[in-house]
Amino acid sequence: MSSTPVAVVTGGNKGIGFAIVRALCKQFTGDVYLTARDPGRGQAAVTKLQEEGLNPLFHQLDIEDLQSIRTLRDFLKEKYGGLNVLVNNAGIAFKVADTTPFAIQAEVTMRANFFATRDVCTELLPLIKPHGRVVNVSSTVSVSALARCSQDLQQKFRSDTITEEELVKLMTKFVEDTKNGVHEKEGWPNTAYGVSKIGVTVLSRIQARMLNKERKADRILLNACCPGWVRTDMAGPNATKSPDEGAETPVYLALLAPDADGPHGQFVSEKKVQKW
5 MSSTPVAVVT
15 GGNKGIGFAI
25 VRALCKQFTG
35 DVYLTARDPG
45 RGQAAVTKLQ
55 EEGLNPLFHQ
65 LDIEDLQSIR
75 TLRDFLKEKY
85 GGLNVLVNNA
95 GIAFKVADTT
105 PFAIQAEVTM
115 RANFFATRDV
125 CTELLPLIKP
135 HGRVVNVSST
145 VSVSALARCS
155 QDLQQKFRSD
165 TITEEELVKL
175 MTKFVEDTKN
185 GVHEKEGWPN
195 TAYGVSKIGV
205 TVLSRIQARM
215 LNKERKADRI
225 LLNACCPGWV
235 RTDMAGPNAT
245 KSPDEGAETP
255 VYLALLAPDA
265 DGPHGQFVSE
275 KKVQKW
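Just remember that this note's numbering sits 4 ahead of the position in the sequence shown, which is counted from 1.
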């Protein structure tokens, strides 16, 4: 078993994920795994970074496939005895002009951005070693979407006692409400991406609380963050940041010093803790 530290980035073959892998290859002392759903695209991304003189490794990972997540989990356990850094970056967003019915957009977006990310955490968080770092890539859209929720929903999402089970019920309810055409009447904003990222931010707060309760001595730090508005396939060419600039906050959180005691359980943007 290797004693080399290991970092894993989901959705690493393009955009912000690719830039995060690039930065970790330069700054993290250990093995860095670029993961992607499509092995061909993943290997091509690895080759591109190798041409820059960097040495990422590749492992297939489809976050929407539980078996794929478990294969990665078993590999990490067997080869490294765990995991030091996990960056949950994989996610999707429909384009504004997309004509797919909103209820389908809601279901597809929620499945990828919230439920699949949660599955990765369920399988991989138990592997995180002492002083490990976990970064869940969310978005400031989660903050603006929260502000457009009903007072009742805002209260629930800001609660310091909300459980993972309660959060899952709320995310499921949003999808059901869109199918029934009542999501706005039920107090939801008209953004599937925004609500899915509320889920990611709140999930991060819950996970940090659980780590405090169950593994406080291990000093693991887990946060949600916003990379900013980044020029990617997802955000388009008019965004203000390059992918490398978008990677800065996630990488800062992934490389927090071993003796750091925070941030933890926070929503971080531009390397600063934001009010949730």
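Just so you know, even glycine gets a beta-carbon here, dropped at the ideal spot from N, CA and C.
Assignment of Gly136 by DSSP, reduced to helix, strand and coil, places it in the strand class.
If you compare the alpha carbons of Ala116, Ile20, Leu226, Leu157 with that of Arg137, the shortest gap goes to Leu226. Of Leu76, Thr144, Thr103, Lys173, the smallest CA-CA separation from His63 is found for Leu76. Distance from the Cα of Ile67 is smallest, within the candidate group Lys99, Gly86, Phe22, Arg115, for Arg115.
Per DSSP, Ala149 is one residue of the alpha helix (DSSP H) stretching across 145-151. One alpha carbon belongs to Pro231, the other to Ser143, and they sit about 7 Å apart. For Thr51, no pairing in a beta bridge is given by DSSP.
Assigned with DSSP and collapsed to three states, Thr75 falls in helix.
Between the region 242-261 and the region 213-221, the count of C-beta pairs closer than 8 Å stays below three; the two stretches do not touch.
Fully enclosed alpha helix (DSSP H) runs of no fewer than 4 residues occupy 196-219 of the region 178-239, in order along the chain.
In this chain, Ala11 is not harboured by any alpha helix (DSSP H); it is covered by the beta strand (DSSP E) spanning 10-13.
By alpha-carbon distance to Leu70, the top candidate from Leu128, Gly16, Tyr197, Asn216 is Leu128. Assignment of beta-bridge partners to Leu61 by DSSP yields Tyr37. In this structure, the alpha-carbon of Val272 lies about 19 Å from that of Gly19. It is roughly 33 Å from the alpha-carbon of Leu87 to the alpha-carbon of Lys177. Taken atom to atom, the span from the alpha-carbon of Pro105 to that of His187 is near 14 Å. The C-alpha of Asp156 lies about 36 Å from the C-alpha of Leu259. Relative to the Cα of Val100, the nearest Cα in the group Val206, Met214, Gly198 belongs to Gly198. When C-alpha distances from Glu190 are compared across Gln158, Ile166, Thr14, the shortest belongs to Gln158. Remark: C-beta atoms of Asn117 and Val13 do not approach each other more closely than 8 Å. Look at Val272 here: in three-state DSSP terms it is strand.
Exclusion of the five residues before and after Lys275 leaves Thr253, Tyr256 as the residues of its chain whose Cβ lies within less than 6 Å of its Cβ.
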